[in-house]
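**Student:** Take this structure first; my questions come after.
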Amino acid sequence: MTEEKIVKDDLVVAMEYTLTVDGEVIDSSEGQEPLEFLQGKGNIIPGLEREMAGMKIGESKDVSVSPEDGYGALNEEAFMEVPTNQFPENIPVEVGIELQVQNEEGQPAYARIEEIENNIAILNFNHPLAGKDLSFAVKVVGIREPSEEELAHGHVHHEGHEH
């Protein structure tokens with residue numbers, strides 16, 4: 009008799025999922041390949057990874073993840089005011105536009121224009137899902153041993169993966 013595989017650390021898990029926030033579906037694997045991740049390596053948010061442990065192939069589960077176990081609480085200090093005339097001409101200055109900027113260390117940072125008032129744009133550097141309760145409907149569709157390289161790198165490699 010073969011041992012039934014369950015989701016545990018250092019195994020590659022393939023899952024189908026739908027993510028709902030505030031009653032609205034915002035992400036889903038439907039119509040795409042299942043999402044593969046290496047369990048126990050932080051490839052997915054902590055709350056979901058913890059809840060997936062012990063699941064079997066074919067098993068489905070609804071998982072609620074709090075902001076603390078998801079994308080973090082909303083950081084009230086992660087906002088910045090920028091005069092609209094300081095934006096490059098090729099960037100539309102509109103609420104909801106996402107930008108890539110550089111922080112003081114020259115690292116890329118992502119921001120969203122939260123609001124515009126009196127020629128001042130308020131940039132929000134929080135993850136779009138920070139402070140949100142996340143509802144996942146997940147189904148485990150595959151479990152496999154990782155390659156040595158995947159295990160060494162701590163994430164799944166796909167066809168054509170280059171380093």
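Under the working numbering, read the sequence shown as residues 9 to 171, first letter to last.
Glycine included, every Cβ here is placed at the ideal spot set by N, Cα and C.
(1) Looking at Gly55: is its Cβ nearer than 8 Å to the Cβ of Asp77?
(2) Measuring only the C-alpha atoms, how far is Leu46 from Val148?
(3) So, using beta-carbon positions, are Pro136 and Arg152 closer together than 8 Å?
(4) In whole angstroms, what separates the C-alpha of Ala160 from that of Glu57?
(5) When burial is assigned at 16 or more other CB atoms within 10 Å of the CB, is Ile128 buried or exposed?
(6) Determine the burial state of Asn126: buried for a count of at least 16 other Cβ atoms within 10 Å of its Cβ, exposed for fewer.
(7) Confirm, please, whether the CB-CB distance from Val101 to Leu131 is below 8 Å.
(8) What is the residue span of the alpha helix (DSSP H) that Pro54 lies within?
(9) Among His166, Met23 and Pro116, which residue has its Cα nearest to the Cα of Gly66?
(10) In whole angstroms, what separates the C-alpha of Ile117 from that of Val15?
(11) Taking 8 Å as the cut-off, decide whether the C-beta atoms of Phe133 and Val73 are in contact.
(12) Would you mind stating whether Val20 and Glu44 have Cβ atoms separated by less than 8 Å?
**Tutor:** By the coordinates alone:
(1) yes
(2) 13 Å
(3) no
(4) 19 Å
(5) exposed
(6) exposed
(7) no
(8) Pro54 to Met60
(9) Met23
(10) The residue you asked about is not Ile; residue 117 is Ala in the sequence shown. Whole-angstrom Cα-Cα distance: 33 Å.
(11) no
(12) yes
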